[in-house]
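Novice: Numbering of the sequence shown is given in UniProt numbering, commencing with residue 1 and proceeding in unit increments.
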Amino acid sequence: MDTVVPADEVLVAGEWRRGGGTGSESIDPADGSVITTVHHASEADVDEAVAGGAEAAAEWGRRLPHERARHLHWIADGIEASAERLARLQTRDTGKTLKETSALVASAAGTFRYMAAALETFDEELTTQRGPSLTMSVHEPIGVIGAITPWNSPIASDAQKIAPALAAGNAVVLKPAEWTPLVSLALGRIITDSGLPPGLVSVLPGRGSVVGDAIVRHPGVGKVSFTGGTTTGRLIAHAAADKLMPVTLELGGKSPTIVFEDADVEAAIAGVLFGIYSSSGQSCIAGSRLFLPSARAEEFLERLVKAVARLRVGHGLDPDTQVAPLVHHRHRDSVAGHVDRARAAGGEVLVGGAVPEGDAYDAGAYYLPTVIAGLDNSSPTCQEEIFGPVLSVLTYDDEDDLVARANDSVYGLACGLWTRDYRTAWRVARRIDAGTVWINTYKQFSISTPFSGMKESGLGIEKGRRGIAEYTRQKSLYWGLDEAPHPWAG
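#1: For residue 153, count the other beta carbons within 10 Å of its own beta carbon; 16 or more makes it buried, fewer makes it exposed. Which is it?
#2: Check whether the Cβ atoms of residue 21 and residue 51 sit closer than 8 angstroms, and answer yes or no.
#3: For residue 431, which residues from the same chain have a beta carbon less than 6 angstroms from its beta carbon, with the 5 sequence-adjacent residues on both sides left out?
#4: Which residue marks the beginning of the alpha helix (DSSP H) containing residue 90, and which one marks its end?
#5: Contact between the region 195-207 and the region 14-28 is defined here as three or more beta-carbon pairs at a separation below 8 angstroms; is this criterion met?
#6: Where does residue 489 sit, in a helix, a strand or coil, going by DSSP?
#7: May I have the straight-line CA-CA distance separating residue 388 from residue 342, to the nearest angstrom?
#8: Measuring CB atoms only, is the region 60-74 touching the region 106-120, in the sense that at least three cross pairs come out at less than 8 angstroms?
#9: If I'm right that residue 30 touches residue 364 with Cβ under 8 angstroms, what's the distance once you round it to whole angstroms?
#10: Spatial neighbours of residue 479 within its chain, please: C-beta separation below 7 angstroms, excluding the five flanking residues on both sides.
#11: Considering just the uninterrupted stretch of the beta strand (DSSP E) at residue 396, what are its terminal residues?
#12: Whose C-beta lies closer than 6 angstroms to the C-beta of residue 75 among residues of the same chain, with five residues either side of it excluded?
#13: Taking C-beta to C-beta, are residue 255 and residue 285 nearer than 8 angstroms?
#14: How close, in whole Å, do the beta carbons of residue 261 and residue 296 come, if the pair is a contact with beta carbons under 8 angstroms?
#15: Near residue 433, what residues of its chain come up, given a Cβ to Cβ distance below 6 angstroms and the 5 sequence neighbours on each side ignored?
#16: Tell whether a beta-carbon distance below 8 angstroms holds between residue 180 and residue 327.
#17: Using the beta-carbon count (16 or more within 10 Å), is residue 332 buried or exposed?
#18: For residue 26, collect the residues of the same chain with a Cβ closer than 8 angstroms to its Cβ; drop the 5 residues on either side in sequence, then sort them by chain order.
#19: If you measure between the beta carbons of residue 449 and residue 464, is that distance less than 8 angstroms?
#20: How long is the line joining the alpha carbons of residue 149 and residue 177, rounded to whole angstroms?
#21: Can you tell me whether residue 278 is buried or exposed? The criterion is at least 16 other CB atoms within 10 Å of its CB, across all chains shown.
#22: Along the chain, where does the alpha helix (DSSP H) containing residue 478 start, and where does it finish?
#23: What did DSSP end up calling residue 513 once you bin it into helix, strand or coil?
#24: At 3 residues or longer, what runs of the beta strand (DSSP E) sit wholly inside the region 55-143?
#25: Put residue 367 into one of helix, strand or coil per three-state DSSP.
#26: Return helix, strand or coil for residue 338, following the three-state DSSP convention.
#27: When you compare each of 253, 401, 45 to residue 14 by their alpha carbons, which one comes out closest?
#28: What residue range is occupied by the uninterrupted alpha helix (DSSP H) comprising residue 302?
#29: Express the C-alpha separation of residue 439 and residue 427 in angstroms, rounding to a whole number.
#30: Would you say the region 120-140 touches the region 216-231, given that touching needs at least three Cβ pairs under 8 angstroms?
#31: Whose C-alpha, out of 377, 340, 130, is nearest the C-alpha of residue 349?
#32: Just to confirm my understanding: we take residue 421, look at its own chain, exclude 5 residues before and 5 after, and list those with CB closer than 8 angstroms. What are they?
#33: Rounding to the nearest angstrom, what Cα-Cα distance links residue 4 and residue 79 in this structure?
#34: Just grab the DSSP bridge partners of residue 351 for me.
#35: Taking the straight line between their C-alpha atoms, what separation do you get for residue 460 and residue 347?
#36: For residue 215, report the span of its alpha helix (DSSP H) as first-last.
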C-alpha cells in the first residue's frame, strides 16, 4: 500500500468505498502542506456499518476463543510487516517524532497479541455454591461497539479498543479523529487483508458532531468506548444514559509530578522532561504540574530550565528531534493562548513561551517547551488541561499540604513520584487521587496492566485481562442439582 491512503475510500461493513460525507484536507503539521483529502463518512454510512457489524458479530461471537485469537495474531502480523510505513504515515499525519510513532505501532501490534493470549485463557467462572444448584458466571458479546479515538496517538488507541472488542466477540465501528484519520484507515486495510470476516470492523472518519454523534446515538450500537476531552465525554455519557448503554470514557488530565527532597535530581529532571515534553505535551497523562519542595526548589528549577532550553525542537522525521510540532496550527494557537493568559495573570515564563523562529519552523505548528512559575494551584493554568508543552511549577512545605493541592483538581488520571524512600512512595501513592501512579519513572505502560481514571478523567477500564470483560455482558447460570421434588411439583 502507498504511504498516502486513497482519499476517496472509507471502510463500511467490509467494503472500501468513497465516504458519503464532505471532504477534509489532512495537513502535515511540520510544514502546513496538504497530505491528502479524506472524504468523510455520512450518517447513512454509519447505518450500514452498524447493520453489517451486527450481522457479522452474530457469527463471530459464536466462534471459539482460540479461533478468534488466531485472527488477532494475524492482524498483529500485518501491523509488524508494515511497521515502518505506518510509523512514517503517522508522523506525517500527527507531527510526532518517528521514534514515538514507531513505538506506537509496536504497541498496537503488541495489544493485538496480548488480547489474543488473554482470550486463550479467558475462563468462565464457577461461583461458590449456596444452595442445590451449580452456579456459573459467563460473559457474552455485546454486539456492535462504537470506538471513538483521539488525534494524539491514533494507532495505539485504535488497537486498545478494537483488539479487546473483537476478542470478546463483537464488531467495531471506529471513528478516528478528524485531524488524523490516515493511520486508522491504513490499519483498516491491514485488518481487511488479514482475513478477518467482512463487516466486523468499519473505519468511518468524519466530524464528531456528525459521524461520532450518529454512532453514539445509533440504536444498534451496544457500547461506546471513547478517548478524548472531558467535555465531549460528558455529552457521550448523557447520550448513553438515554439509551441505558455502557460506556468506557478515557478523558482528560492535569497530572501532578512530585519531587521529594531525597530524590535523585538527575533522574527526576529527566523524568519530568519526558513526562511533559514527550509527545509535545499532547498526552492526557502528561505531568503538567510540578511540585517541588521549597527547600530545594531554586536549585532544581535552575537545572530544569537549562535542560528545557537544550531540548531539540524540529521535524518529526529528524532523528535528533525531541519536541516535534503540535498536531495542528489551530491547536498550537490554543496552547499559545493559554501561555499568554498565564503571563497576564502574573505567571513568570522561565523558558519558552513562544513560537520558534526560523525557516525550519515558520510554516509548521511548532511551540517551544515552556516552564511557568509564580501561579497558585487554583489558577486556570494549573487547573485546565492545556495539552501542550507547558509545565507549571509549584512548591510545597509538608506532605499534607502537598497531597491536598495535588488532589485539588477535577481530574484524577496520573501522577509521578520521585523519591528514594519506599515508605514515602507507598504512603503518598495511596493518598493521591489518580488511576495510575509512577514511582521513579513516568509514562511507562504495559498492556497487561489496567488503565483507568478517577473523577472527571473517565469511567471504566482499558488494558489488562479486564479489558476484554469490559466489552461483554455478564450472565449467571444456575444448574439445578436437587433430586428432591420441587415444592410446587404436582
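Beta carbons are placed, not taken as given, at the ideal position from N, Cα and C, and that holds for glycine.
Specialist: So, from the data block:
#1: Buried is the call here.
#2: Cβ distance not < 8 angstroms, so residue 21 and residue 51 don't count as in contact.
#3: Answer for residue 431: 403, listed in chain order.
#4: Judged by DSSP secondary structure, residue 90 falls within the alpha helix (DSSP H) whose first and last residues are 83-94.
#5: The region 195-207, when compared against the region 14-28, does touch it at the 8 angstroms Cβ threshold.
#6: Assignment of residue 489 by DSSP, reduced to helix, strand and coil, places it in the coil class.
#7: The straight-line gap from Cα to Cα measures roughly 14 angstroms.
#8: Result yes; three or more Cβ-Cβ pairs closer than 8 angstroms.
#9: In this structure, residue 30 and residue 364 form a Cβ contact; the two beta carbons are roughly 5 angstroms apart against a cut-off of 8 angstroms.
#10: Setting aside the 5 residues that flank it on each side, residue 479 is surrounded in the same chain by 133, 134, each with a C-beta closer than 7 angstroms to its C-beta; the list follows chain order.
#11: Note, residue 396: beta strand (DSSP E), 390-396.
#12: Cβ neighbours of residue 75 beyond the five flanking positions: 112, 191, 194.
#13: Yes, these two residues count as a Cβ contact at 8 angstroms.
#14: Contact between residue 261 and residue 296 holds: their C-beta atoms lie close to 6 angstroms from each other, under 8 angstroms.
#15: Excluding its 5 nearest sequence neighbours in each direction, residue 433 has C-beta neighbours in its own chain below 6 angstroms: 407, 412, 454, listed in chain order.
#16: The Cβ-Cβ distance between residue 180 and residue 327 falls below 8 angstroms.
#17: Classification for residue 332: buried.
#18: Result list for residue 26: 34, 35, 36, 37, 38, 93, 179, 180, 181, 182, in chain order.
#19: For residue 449 and residue 464, yes; Cβs fall inside 8 angstroms.
#20: Distance between the alpha carbons of residue 149 and residue 177 is about 6 angstroms.
#21: The residue is buried, with at least 16 neighbouring Cβ atoms inside 10 Å.
#22: From DSSP, residue 478 is part of no alpha helix (DSSP H) but of the beta strand (DSSP E) over 472-480.
#23: This structure cannot speak to residue 513, because the chain is shown only from 1 to 490.
#24: The region 55-143 contains these whole beta strand (DSSP E) runs: 133-141.
#25: If DSSP states are grouped into helix, strand and coil, residue 367 belongs with coil.
#26: DSSP, reduced to helix, strand and coil, places residue 338 within a helical segment of the structure shown.
#27: Checked all of 253, 401, 45; the closest Cα to residue 14 is 45.
#28: Where residue 302 is concerned, the enclosing alpha helix (DSSP H) starts and stops at 297-309.
#29: Rounded to the nearest whole angstrom, the C-alpha separation of residue 427 and residue 439 is 12 angstroms.
#30: No, the region 120-140 does not touch the region 216-231.
#31: Scanning 377, 340, 130 for the CA closest to the CA of residue 349 turns up 340.
#32: Once the five neighbours on either side are set aside, the close Cβ partners of residue 421 are 260, 262.
#33: Legend: pLDDT at residue 4 = 48, less than 50; position of this residue unreliable, value from coordinates given subsequently. Computed Cα separation, rounded: 16 angstroms.
#34: Beta-bridge pairing links residue 351 to 371.
#35: Those two C-alpha atoms are separated by around 36 angstroms.
#36: Start and end: 213-217.
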